[in-house]
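Report on the following structure.
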Amino acid sequence: MPTQFLSLPGEIRNQVYRHALVRQETIGLQYGKCTARGIIPNLLCTSRRIHREALPFLYGENRFALLALNRVMAGEIARFPDQIGPRNGRFIESVQICHPIFRNLGDDAKLDENCVQLLSRLQRQCPNLKTLIMCPKSTDFVIRLQLAPLVPVNPSYITESLLSFDGRLKAIPSLEEIIVQVYQDTPLLNFLRGMEPRGWRIDVLDAVSRHSDDELQDNVFGRIAPSPLRRS
């Protein structure tokens, strides 16, 4: 069967690879789960040549979203770039992160160490990464603040942490686009707006999106705001 398939013109083989391995919707990766329904990864095991030809479609034409709901998941998701390695990571051009930027708010706002590790590994293993998208859950602290409304928020610490995060992003030399999706009622909106002169694009979502997310938490993602795939 592989021999017969490989005798087909390259254009037809590419159509088969794209049909079997590429999805328009974002592919969500969570510890132990994946939303890649309909993808046929076994195709890669058919032969070495098919594996070599098909890899750019699987990793280069899909968008992967990395979801972490707690520190255990965050640690596992941070290993994703190392798990796929540079051979596969070189094809990835777009990644969406659903991972807290901050470890906490208040007067001790610091970057989450797992998020920092994830960015470092993306820099090392994905040398052609062009677009990085932060989903609303990355910057949404309303639930935390509602549970502890008396926690003081020190603006200077938040600004310093965002600047530090920006430095981590700018350390990825191939990165061309930074998109931050945020709910319109998040306490961090004004702080994030302050990062627009540094090249961040802030996409503001309405509060209805938050309620939809909360209702769908039993899914792997809930609902992640869609973004168009970049195709080369």
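Take any residue in the sequence shown, count from 1 to its spot, add 22: that is its number in the working numbering. Cβ coordinates follow ideal geometry from the N, Cα and C atoms, glycine included.
{"Asked": "Environment of residue 331 [buried if 16+ CB atoms lie within 10 Å]", "Found": "With the chain covering only 23 through 254, there is no way to say anything about residue 331."}
{"Asked": "Given residue 146 as reference, the closest of 36, 194, 51, 205 once Cα atoms are compared", "Found": "194"}
{"Asked": "The region 96 to 114 in contact with the region 33 to 46 per 3-pair CB rule at 8 Å", "Found": "no"}
{"Asked": "Terminal residues of the beta strand (DSSP E) in which residue 146 lies", "Found": "Where residue 146 is concerned, there is no enclosing beta strand (DSSP E), although the alpha helix (DSSP H) it sits in stretches over 135 to 147."}
{"Asked": "The beta strand (DSSP E) enclosing residue 200, as first and last residue numbers", "Found": "199 to 205"}
{"Asked": "Distance CB(residue 87)-CB(residue 118) smaller than 8 Å", "Found": "yes"}
{"Asked": "Selected residue, minimal CA-CA separation from residue 69, among 51, 101, 27", "Found": "27"}
{"Asked": "Inter-residue Cα distance where the pair is residue 154 and residue 177", "Found": "25 Å"}
{"Asked": "Supposed contact pair residue 227 and residue 204 - C-beta distance, whole angstroms, cut 8 Å", "Found": "7 Å"}
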